Each structure stands twice: as C-alpha cells, then as structure tokens.
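All the letters of the sequence shown, read from the start, carry residue numbers 1 to 132 under UniProt numbering.
Scroll down for the structure; my scribbles are underneath it.
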Amino acid sequence: MEEGGGGWGEREGWDNFGGGGQQEEAREWERERRDEALRAMEIAERKFTMKDIMGAKRFALKAQALYPDLDGISQMLATLDIYIFAESKINGMNDWYSILCVSASANEEDLQDALQVPPTLPESQAALSELS
Numbered sequence: 001m002e003e004g005g006g007g008w009g010e011r012e013g014w015d016n017f018g019g020g021g022q023q024e025e026a027r028e029w030e031r032e033r034r035d036e037a038l039r040a041m042e043i044a045e046r047k048f049t050m051k052d053i054m055g056a057k058r059f060a061l062k063a064q065a066l067y068p069d070l071d072g073i074s075q076m077l078a079t080l081d082i083y084i085f086a087e088s089k090i091n092g093m094n095d096w097y098s099i100l101c102v103s104a105s106a107n108e109e110d111l112q113d114a115l116q117v118p119p120t121l122p123e124s125q126a127a128l129s130e131l132s
C-alpha cells in the first residue's frame, strides 16, 4: 500500500496504529491474541496431565508465539524440555547431562549451579551423585 493511503505504510506493526479507533483496535487485537495464548496454554496443561509431553510442548510453543509475555510460559517450556530430556537414554541409562541442561564437559561447579533451581524431577539429586 502507498504511504498515507490509509494502510500500514512502509512499516507493519504497532507503530503504525494511529490515534482513536486504531489504538482501540490494536488493544482489542492484543487481547484476542492473549486470550488465544491462554487457551493454548490450558490445552498444553491438559496434555501434560495426560502424559502427552510432545503435544503439551506444541501447544506451549503456540501460546508463546501468540503472546511471548504470557505469565509462566517460559517456565512451562523449560519444564517440558526437562521431561523430554528425561525420556532420552544413552546405552539404556538416563542422560543426566541433558536432564540438567549442561554439557557433557560440565565440571562440579556447573553441576551445582544446574541444581540451584528447585529440581523438576525427583531424580535430579541422583544425577549429581551419578555424574560426580
């Protein structure tokens, strides 16, 4: 569209919403995206309780894409990643490095730092003793 032709102009997004009605439209658009993100997050929670971790992650990612500032979404994604990593095995054993989100070359201090956050899995403390 041409500049000044009542469209978006050269840049798309929030900066081009003008005064009055357009600002209200922008607020309404944001509310709708937030509501849709909340619905996606609720579905992710239901899928998680049904042990569908990958399905939960898909909906959590959708919620984050719709509304990145959604409360709790980054924590939910981190938790889901830990559950996904916990399912991975190396030679039939838990891959504790993946579960703790540290590299295989992590030293004792890195492992302690990884465990500073409240463990999401009961096996987290066992991971440190097994890796040490």
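Where a beta carbon is used, it is the ideal one built from N, C-alpha and C, also for glycine.
Because the structure is a prediction, the values reported are computed rather than measured.
Lys51, enclosing alpha helix (DSSP H) - first and last residue: Taking the first residue of the sequence shown as position 1, residue 51 is located at position 51. Unbroken run through Lys51: none, as it is neither H nor E.
Endpoints, the alpha helix (DSSP H) within which Ser105 is located: Locating residue 105 in the sequence shown gives position 105, where the first residue counts as 1. From DSSP, Ser105 is part of no alpha helix (DSSP H); its letter is neither H nor E.
Cα-Cα separation, Trp96 to Ala86: The residue labelled residue 96 in the question sits at position 96 within the sequence shown. The residue labelled residue 86 in the question sits at position 86 within the sequence shown. Roughly 8 Å between the two C-alpha positions.
Residue from Glu24, Met76, Met93, Ile82 whose Cα sits closest to the Cα of Ala44: By one-based count along the sequence shown, residue 44 stands at place 44. It is Met76 whose Cα lies nearest to the Cα of Ala44.
Rounded separation between Glu10 and Ala40 - CA only: On the sequence shown, position 10 is the one that residue 10 refers to. On the sequence shown, position 40 is the one that residue 40 refers to. Annotation note: pLDDT 45 at Glu10 (below 50); position unreliable, no value reported.
Distance CB(Leu80)-CB(Ala56) smaller than 8 Å: Looking up residue 80 in the sequence shown gives position 80. Looking up residue 56 in the sequence shown gives position 56. Yes, they are a contact pair.
Start-to-end residues for the alpha helix (DSSP H) that takes in Asp81: As a working note, residue 81 is residue 81 in the sequence shown. Note, Asp81: alpha helix (DSSP H), 73-87.
Proximity of Ile73 and Ala63 at Cβ, strictly below 8 Å: On the sequence shown, position 73 is the one that residue 73 refers to. On the sequence shown, position 63 is the one that residue 63 refers to. It is a contact, given that the beta carbons lie within the stated cut-off.
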